[in-house]
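Chemist:
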Ligand SMILES: [Zn+2]
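In the numbering used here, the protein residues as written are 163 to 257.
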């Protein structure tokens, strides 16, 4: 499944509800899920982390859907086989 197919699936599943919740509410859910991902990673719980990664990308896709962003196009345009900052692959930016 491509990123665009995943985003479209999320649209079919949740677009109505996401639209009613709105951008701020959906963004807040995404942030909550990112926090849960951090907790799972800090706990070293790989099974929980896998679920939180899924939730994070799902909420990111929901947010992209209601703001009219094509997630795959945006990602590939910016990260097109090289680091957008230094232009190298692999990245040579300093930490
Ligand atoms: Zn770089």
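No residue lacks a Cβ here, since even glycine has one placed at the ideal position from N, Cα and C. Computed from a predicted structure; not experimentally measured.
Please report the residue range of the alpha helix (DSSP H) in which residue 202 lies.
Modeler: It spans 165–204 - the alpha helix (DSSP H) in which residue 202 sits, taken as one unbroken run.
Chemist: Alpha carbon to alpha carbon, how far is residue 209 from residue 183? Give it in angstroms, no decimals.
Modeler: Those two C-alpha atoms are separated by around 29 Å.
Chemist: With a threshold of 7 Å (Cβ to nearest heavy atom), would residue 186 be considered close to ligand 1?
Modeler: Every heavy atom of ligand 1 is 7 Å or more from the Cβ of residue 186, so no.
Chemist: Are there three or more Cβ pairs, one per stretch, closer than 8 Å when the region 244–257 is compared with the region 216–224?
Modeler: no
Chemist: Which residues bound the alpha helix (DSSP H) around residue 239?
Modeler: 233–240
Chemist: May I ask which residues mark the beginning and end of the alpha helix (DSSP H) holding residue 213?
Modeler: 208–229
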